[in-house]
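Contents: one structure, followed by commentary.
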Amino acid sequence: MHMHKFEKIWLIFGIGILLVFLTAVGVHAFYQGYQPPSCLVTIDPEKVDQTPPFDNPGLKHLGGNKYELNIVTSAFAFTPNQIKIPAGAEVVFNVTSKDVVHGFEVVGTNVNLMVEPGFINTYKAKFDKPGEYLILCNEYCGAGHHMMNAKIEVVEQ
Amino acid sequence: MKVKSLIYHLFPKGVSLMQKAEILKQKTKIEDQSHVKIEDQSNLKGTLTFVFLLGAFIIVTWIGVYSLFLERL
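First to last, the sequence lines map onto chains A and B.
First residue of the first sequence? That's 38 in this note's numbering, and the numbers climb one at a time after it.
First residue of the second sequence? That's 2 in this note's numbering, and the numbers climb one at a time after it.
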């Protein structure tokens, strides 16, 4: 088959990029062990309030600078919606929904979860900079979606 | 007037309908051939340039998003 020299060049370039990107995803997933925040951990969405750790949502100190933050989302609120975290804390977020799909985005950080009812999202983040962080729902969840927000305050110890 | 003179130019007086048809056929054939010839000598320099510009754009945006992710870790 006759192929123009330039066509060969851009095919090699395109396939090369594809291989680089697929390798990056593969190394991330299989070597470094990254997985989606919601990965097969389930919960009965009708019994969220009775199921630990969501029966007592909020920040829990695990020791050292390690914390666990359990948050329940529902139309149209995050529970709790005012959270204080000491600066330098390593926080594991556990988030679930009682009703519909909600978003959980801590603005300006990598914490950005799609919270589906029936599943528990888990994500680890470190808060070094003191200040206020806004939490927003970024999945349209109903008439009050735009009012759904919460606040994290990172305070100096 | 212009159209009329063009018709006279293409089909001088005394040319039969069959001959007119033949002339038109020949003309179309020549055009077709010349068109194919132009395609055959295709110059892909511009295409190559834009393929690489698009590639560069994709790589730059990917690196940008990835460094934003790393910065926020």
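Note that beta-carbon positions come from the ideal geometry of N, C-alpha and C, so glycine has one too.
Between A162/A and N175/A, the gap from beta carbon to beta carbon reaches 8 Å or more.
DSSP places Q194/A in the coil class of the three-state scheme, outside both helix and strand. Separation of the CB atoms of Y160/A and L150/A is rounded to 6 Å, and the pair is thereby assigned contact status at 8 Å.
If you look at A61/A, you'll find it isn't in any beta strand (DSSP E); it sits in the alpha helix (DSSP H) that goes 42-63. Around the beta carbon of C76/A, a 10 Å sphere encloses fewer than 16 other beta carbons of the protein chains shown; the residue is thus reported as exposed. For F51/B, the enclosing alpha helix (DSSP H) begins and ends at 46-72. Annotation: the continuous beta strand (DSSP E) that includes F156/A extends over 156-164. DSSP places N149/A inside the beta strand (DSSP E), whose first and last residues are 149-152.
Contact between E153/A and V138/A is confirmed by a C-beta separation of about 5 Å, below the 8 Å threshold. Identification of chain A residues near V52/B by a Cβ-Cβ cut-off of 9 Å yields F43, I46, W47, F50, G51, ordered along the chain.
Counting only residues of its own chain and dropping the five nearest sequence neighbours on each side, H65/A has a CB closer than 8 Å to the CB of Y71. For the region 139-173 of chain A, the residues whose beta carbon sits under 7 Å from a beta carbon of chain B are, in order, T146, N147.
About 6 Å separates the beta carbons of A124/A and D165/A, which is inside the 8 Å limit, making them a contact pair. It is roughly 17 Å from the alpha-carbon of P94/A to the alpha-carbon of T79/A. The C-beta separation of G145/A from L173/A comes to about 11 Å, leaving the pair out of contact by the 8 Å criterion. When DSSP reads this structure, K188/A sits in a beta bridge with Q119/A, L171/A. With respect to the 8 Å criterion, N107/A and P90/A are classified as neighbours on the basis of their beta carbons. Using a C-beta cut-off of 8 Å, the region 42-49 of chain A makes contact with the region 44-54 of chain B, since at least three inter-stretch Cβ pairs fall below that distance. For I54/A, the closest Cβ of chain B is nearer than 8 Å. For H98/A, same chain residues with a beta-carbon under 7 Å away, outside a window of 5 residues either side, are Y104 in chain order.
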